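See structure below.
In my numbering, the protein residues as written are 50 to 314.
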């Protein structure tokens with residue numbers, strides 16, 4: 050891939066121009082289309098959107114946790130008679146409301162780490178794509194006996210080549226979100242494991258503006274990130290991308306299918 054940047058549509062633009070543009074563009078919602086042509090990420094083999102749509106079509110009552118702007122949930126064709134989504138970040142909740150309410154999905158604004166405002170056993174399907182900190186005991190509580198939790202989680206050390214470019218080595222943080230730990234926590238909350246799959250995926254970033262956009266949107270990657278605070282590292286990264294044509298990182302994803310047991314007589 051050496052020197053691939055020469056043919057990239059943004060290769061002739063200056064560092065200052067790329068960074069200024071990326072610092073101003075909106076990062077509301079969970080739509081990454083601004084990165085089209087600027088960065089790519091390999092997708093997991095299992096196809097979460099298709100699995101989600103299939104389960105929603107069969108459910109009686111569904112709950113989508115941390116729905117973001119509702120983009121993934123809204124890609125489904127059919128929803129159950131009762132369909133609810135939660136979101137705690139007000140700008141995303143507003144985007145999700147505009148997208149999902151016309152489809153018959155109620156969007157509930159929640160507080161991070163607060164109990165879910167739903168009755169015990171209210172849903173036979175709970176879903177989530179990339180939850181930050183799954184509330185296992187609450188998920189188990191609101192699931193009906195025999196109900197399913199279907200979710201795609203971010204796995205360990207996701208994007209860490211980029212994170213460590215700015216923060217330096219993070220050996221302890223690399224263990225965070227490990228599927229073994231999450232599986233143990235789910236079991237401790239009383240859920241049964243039906244299926245767990247993991248995959249590590251290639252990310253390619255083609256200009257420094259894409260980096261600025263990502264770090265503004267994924268605020269937990271480099272906490273407190275600003276262009277001013279990390280200007281030197283951004284310039285070094287810009288030079289690397291112009292030399293090599295690409296900055297390569299890797300994400301990891303885990304697919305969970307869990308079940309709430311049905312009480313025995």
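The C-beta atom is built at its ideal place from N, Cα and C for all residues, glycine as well.
Values in this document were obtained by computation on a predicted structure and should not be read as measured data.
Give me, in chain order, the residues of the same chain whose beta-carbon lies closer than 6 angstroms to that of residue 115; leave out the 5 immediate sequence neighbours on both sides.
Excluding residues within five positions, the ones whose Cβ falls inside 6 angstroms are 177 and 180.
By the 10 Å Cβ neighbour count, where 16 or more other Cβ atoms means buried, how is residue 297 classified, buried or exposed?
exposed
Given a cut-off of 7 angstroms, decide if residue 146 and residue 156 are closer than it, judged by their beta-carbon atoms.
Yes, the Cβ-Cβ distance between residue 156 and residue 146 is below 7 angstroms.
Go ahead and pull the three-state DSSP assignment for residue 279.
coil
Have a look at 96, 81 and 95 and flag the residue whose alpha-carbon is nearest the alpha-carbon of residue 89.
81
How would you label residue 269, buried or exposed, when you count the other beta carbons within 10 angstroms and need 16 or more for buried?
exposed
Neighbourhood of residue 310 by C-beta distance below 6 angstroms, restricted to the same chain and skipping five residues each side
241
Determine the DSSP secondary structure at residue 62, reduced to helix, strand or coil.
Coil.
Need the endpoints of the beta strand (DSSP E) that residue 301 sits in, please.
296-308
Distance, residue 112 Cα to residue 194 Cα
15 angstroms
Tell me the DSSP secondary structure of residue 231 in three-state form.
Residue 231 sits in a helix when the DSSP states are folded into three classes.
If I measure Cβ to Cβ from residue 63 and keep anything under 8 angstroms in the same chain, skipping five residues before and after, which residues do I get?
none
Return the residue from the list 188, 100, 205 and 164 that minimises the CA-CA distance to residue 302.
205
State the DSSP-derived secondary structure class of residue 209, mapped to helix, strand or coil.
helix
Would you call residue 110 buried or exposed, if buried means 16 or more other Cβ atoms sit within 10 Å of its Cβ?
Per the 10 Å Cβ criterion, buried.
Nearest to residue 126 by alpha carbon, out of 98, 141, 144 and 135?
98
Tell me the rounded alpha-carbon separation between residue 102 and residue 256.
34 angstroms
Do you know offhand how far residue 316's Cα is from residue 284's?
Given a span of 50 to 314 for the chain in the structure shown, any question on residue 316 remains unanswerable.
Which residues in the same chain as residue 264 place their Cβ atom closer than 7 angstroms to its Cβ, once the five residues preceding and following it in sequence are excluded?
270, 271 and 274
Which residues share a DSSP beta bridge with residue 202?
303
So is residue 119 buried or exposed if we call it buried at 16+ other beta carbons inside 10 Å?
By the Cβ-count criterion, residue 119 is buried, with 16 or more other Cβ atoms from all chains shown falling within 10 Å of its own Cβ.
Short check: CB of residue 282 to CB of residue 215, under 7 angstroms?
yes
Per DSSP, what are the beta-bridge partners of residue 90 in this structure?
252
Taking the alpha-carbon positions, what's the residue 92 to residue 300 distance?
10 angstroms
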